[in-house]
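*Asks:* Quick one: this structure, given as structure tokens, is what I'll be asking you about.
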């Protein structure tokens with residue numbers, strides 16, 4: 252179906268985008284690639300009065316590599332990561348995650364930041380970024396603030412960014428060659444939203460062992476250290492089907 | 132209303148559009164380029180797939196007003212493209228279409244596969260096509276057609 256009517260603004264920089272969102276007092280939505288928000292608009296699940304288009308802002312498309320991290324602008328697309336056009340601090344893990352998102356046509360437009368701000372439990376980046384130990388930076392009227400990935404998703408479709416804040420950067424720490432990532436997701440059809448996701452990290456250099464379970468009801472389940480290695484307690488997962496498949500996926504991800 | 136200027140199939144286009152008008156409706160209704168089809172209108176079926184700035188994209192979830200300065204190419208804009216010509220011939224030879232509704236989106240996705248993934252095997256082709264749904268053919272002919280073009284190009 253067709254979206255409900257909205258106004259459209261294309262700000263020239265993040266500061267102007269923040270002003271537009273703040274002035275709208277919760278009735279505006281930022282749009283980047285539109286691959287999550289577009290369907291919601293067309294299905295009329297979202298009916299903002301104003302769309303603030305941030306897709307082409309240069310400052311959100313830049314990627315910076317430092318000695319110990321790669322900092323992705325929020326509007327880097329999944330395809331850019333998939334194609335290896337951007338540095339990958341995780342030895343190819345982020346590339347593999349990107350390549351498994353939906354379909355190429357979606358990946359050509361969909362952005363890392365947009366996916367994180369949409370905060371669908373079944374999407375890939377939330378689980379993957381918690382696994383990678385990422386940090387998000389948002390900018391709002393009060394300035395910039397950092398949010399650790401594990402604190403980013405407050406609930407289903409509820410990111411930590413406020414209505415007048417824009418996610419600008421995602422910082423992913425560099426890992427050494429001994430860090431091993433595993434990632435398994437269960438989809439009945441290629442490209443659909445996952446029914447269950449298990450992400451595994453074993454990084455002996457940093458002493459981090461982590462199991463992140465996604466596509467659950469709400470934020471991913473995060474297990475560290477000994478808890479990551481222990482058999483999964485099915486009662487932590489509300490859905491009976493997911494409770495059966497997640498331990499299998501976790502074993503496969505860790506193998 | 133919003134003013135937008137973009138290039139469509141190589142020609143400069145300026146228009147006033149309602150912001151909620153998606154690119155597919157703009158192409159079909161305003162520009163009468165009806166090769167681009169609408170199916171699910173939420174990004175899943177692939178019938179609306181066009182090229183935006185050289186990459187396949189869903190036109191049903193791209194708003195025309197947000198395409199300022201973009202280069203859009205619909206199936207009509209590939210009329211003289213040699214790879215597309217080979218694909219169209221292969222689709223005909225391999226019975227890769229029946230009703231034809233998914234075909235424009237399939238061809239745009241197929242051309243991207245042929246150019247971007249020259250070493251794709253059947254399994255990879257199927258994975259890459261998973262964003263284009265066909266209700267008629269069962270996909271066998273479509274995969275064969277794409278393989279035909281891949282194999283022919285690999286042999287050159």
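Protein chains in written order, with my numbering: chain G, 252 to 506; chain R, 132 to 287.
Beta carbons: idealized from backbone N, C-alpha and C, even for Gly.
Because the structure is a prediction, the values reported are computed rather than measured.
Return no unless some Cβ of chain G is closer than 8 Å to the Cβ of residue 109/R.
*Replies:* The requested residue 109/R is not part of the displayed model; chain R covers only 132 to 287.
*Asks:* Examine the Cβ distances between the segment 195-203 of chain R and the segment 250-266 of chain R and report whether three or more of them are shorter than 8 Å.
*Replies:* Too few Cβ pairs lie closer than 8 Å, so no.
*Asks:* State the DSSP-derived secondary structure class of residue 493/G, mapped to helix, strand or coil.
*Replies:* For the purposes of this step, residue 493/G is taken as residue 242 along the first chain, with counting starting at 1. Three-state result, residue 493/G: helix.
*Asks:* Taking only beta-carbon positions, decide if residue 258/R is within less than 8 Å of chain G.
*Replies:* In the second chain, counting from the first residue as 1, residue 258/R sits at position 127. Closer than 8 Å: yes.
*Asks:* Kindly confirm or deny that the segment 376-395 of chain G and the segment 417-428 of chain G touch, where touching means at least three C-beta pairs closer than 8 Å.
*Replies:* Touching, yes, given that three or more Cβ pairs across the two stretches are closer than 8 Å.
*Asks:* Going by the CB atoms, is the gap between residue 136/R and residue 148/R shorter than 8 Å?
*Replies:* Reading the second chain from its first residue, position 17 is the one you call residue 148/R. Reading the second chain from its first residue, position 5 is the one you call residue 136/R. Contact: no.
*Asks:* Determine the closest residue to residue 414/G out of 498/G, 365/G, 280/G, 322/G, with distance taken between C-alpha atoms.
*Replies:* In the first chain, the residue the question calls residue 414/G occupies position 163. Considering only alpha carbons, the answer is 280/G.
*Asks:* Please classify residue 378/G as buried or exposed, where buried requires at least 16 neighbouring CB atoms within 10 angstroms.
*Replies:* Within the first chain, the letter at position 127 stands for residue 378/G. Result: buried.
*Asks:* Counting only C-beta atoms, is residue 269/R closer than 8 Å to chain G at any point?
*Replies:* For the purposes of this step, residue 269/R is identified with residue 138 of the second chain, where counting begins at 1. No, its Cβ sits nowhere closer than 8 Å to a Cβ of chain G.
*Asks:* When burial is assigned at 16 or more other CB atoms within 10 Å of the CB, is residue 286/G buried or exposed?
*Replies:* Walking along the first chain from the start, residue 286/G turns up at place 35. Flag for residue 286/G reads buried.
*Asks:* Note down, in chain order, every chain R residue with its Cβ under 7 Å from the Cβ of residue 290/G.
*Replies:* In the first chain, the residue the question calls residue 290/G occupies position 39. Residues of chain R passing the Cβ test: 173, 174, 192.
*Asks:* Starting from residue 344/G, trace the beta strand (DSSP E) both ways and give me its first and last residue.
*Replies:* Residue 344/G sits at position 93 when you count from the first residue of the first chain. Per DSSP, residue 344/G belongs to no beta strand (DSSP E); it is in the alpha helix (DSSP H), 344-350.
*Asks:* Could you have a look at residue 376/G and say whether DSSP puts it in helix, strand or coil?
*Replies:* One-based indexing of the first chain puts residue 376/G at position 125. Helix.
*Asks:* Measuring only between beta-carbons, confirm whether residue 354/G sits less than 8 Å from chain R.
*Replies:* On the first chain, residue 354/G is found 103 positions in, with the first residue counted as 1. True, the Cβ-Cβ gap to chain R drops below 8 Å.
*Asks:* Nearer than 7 Å: is that true of the beta carbon of residue 343/G relative to any heavy atom of the ligand HEM?
*Replies:* The ligand HEM is not part of this structure, which contains no ligands at all.
*Asks:* Tell me the residue span of the beta strand (DSSP E) that contains residue 453/G.
*Replies:* In the first chain, counting from the first residue as 1, residue 453/G sits at position 202. Residues 447-454.
*Asks:* To the nearest angstrom, how far is the alpha carbon of residue 354/G from that of residue 259/R?
*Replies:* Here residue 354/G refers to the residue found at position 103 when the first chain is read from its first residue. Here residue 259/R refers to the residue found at position 128 when the second chain is read from its first residue. So the alpha carbons of these two residues sit roughly 7 Å apart.
*Asks:* Starting from the C-beta of residue 456/G, find all residues in its chain whose C-beta is less than 8 Å away, skip the five residues before and the five after it, and write them out in chain order.
*Replies:* Taking the first residue of the first chain as position 1, residue 456/G is located at position 205. Taken in chain order, the residues that qualify are 426, 427, 429, 430.
*Asks:* Are any of the Cβ atoms in chain R nearer than 8 Å to that of residue 357/G?
*Replies:* Against the first chain, residue 357/G aligns to sequence position 106. Output row for residue 357/G: interface = yes.
*Asks:* Can you check which of these residues, 370/G, 408/G, 412/G, 504/G, is closest to residue 435/G by C-alpha distance?
*Replies:* Mapped onto the first chain, residue 435/G falls at position 184. Ranking the options by Cα distance to residue 435/G, first place goes to 504/G.
*Asks:* Taking the alpha-carbon of residue 364/G as reference, which of 396/G, 478/G, 344/G, 418/G has the nearest alpha-carbon?
*Replies:* In the first chain, the residue the question calls residue 364/G occupies position 113. Per the Cα distances, 418/G.
*Asks:* Please go through the segment 196-272 of chain R and give each complete beta strand (DSSP E) segment of 3 or more residues, from N-terminal end onward.
*Replies:* With a minimum length of 3 residues, the continuous beta strand (DSSP E) runs that stay inside the segment 196-272 of chain R are 202-204.
*Asks:* How is residue 187/R classed by DSSP in three states: helix, strand or coil?
*Replies:* Counting from 1 along the second chain, the entry for residue 187/R is found at position 56. Correct three-state label for residue 187/R: strand.
*Asks:* DSSP three-state label for residue 444/G, please.
*Replies:* Reading the first chain from its first residue, position 193 is the one you call residue 444/G. It is coil, neither helix nor strand.
*Asks:* How many angstroms separate the CA atom of residue 273/G from the CA atom of residue 227/R?
*Replies:* Numbered from its first residue, the first chain carries residue 273/G at position 22. Numbered from its first residue, the second chain carries residue 227/R at position 96. So the alpha carbons of these two residues sit roughly 51 Å apart.
*Asks:* Look up residue 252/G in the DSSP assignment and say whether it is helix, strand or coil.
*Replies:* If you number the first chain from 1, residue 252/G lands on position 1. Looking at residue 252/G - three-state DSSP - the assignment turns out to be coil, as it is neither helix nor strand.
*Asks:* Any idea what DSSP makes of residue 486/G, helix, strand or coil?
*Replies:* Along the first chain, one-based indexing puts residue 486/G at 235. Helix at residue 486/G.
*Asks:* Name the chain R residues whose beta carbon is nearer than 7 Å to that of residue 441/G?
*Replies:* If you number the first chain from 1, residue 441/G lands on position 190. Chain R residues near residue 441/G: 258, 261.
*Asks:* Looking at chain R, is there any beta carbon in it that lies within less than 8 Å of the beta carbon of residue 466/G?
*Replies:* Counting from 1 along the first chain, the entry for residue 466/G is found at position 215. Chain R contact via Cβ: absent.
*Asks:* Going along chain R, which residues have a C-beta under 8 Å from residue 259/G?
*Replies:* Locating residue 259/G in the first chain gives position 8, where the first residue counts as 1. Under the 8 Å cutoff, chain R gives 133, 150, 194, 196, 197.
*Asks:* Please confirm if the segment 169-177 of chain R is in contact with the segment 333-343 of chain G, defined as three or more CB-CB distances below 8 Å between the two stretches.
*Replies:* With a cut-off of 8 Å, the segment 333-343 of chain G and the segment 169-177 of chain R do not count as touching, because too few Cβ pairs lie within range.
*Asks:* With 16 other CB atoms within 10 Å as the buried threshold, where does residue 492/G fall?
*Replies:* Position 241 of the first chain, counted from the first residue, corresponds to residue 492/G. Result: exposed.
*Asks:* Considering Cα atoms alone, identify which of 304/G, 358/G, 421/G, 255/G is closest to residue 263/G.
*Replies:* Walking along the first chain from the start, residue 263/G turns up at place 12. Considering only alpha carbons, the answer is 304/G.
*Asks:* With a threshold of 8 Å between beta-carbons, can residue 276/R be considered close to chain G, or not?
*Replies:* Counted from its first residue, the second chain places residue 276/R at position 145. False, the Cβ-Cβ gap to chain G never drops below 8 Å.
*Asks:* Counting only Cβ pairs nearer than 9 Å, list the residues of chain R close to residue 306/G.
*Replies:* Sequence index remark: in the first chain, residue 306/G carries index 55 (1-based). By Cβ distance, chain R contributes 197.
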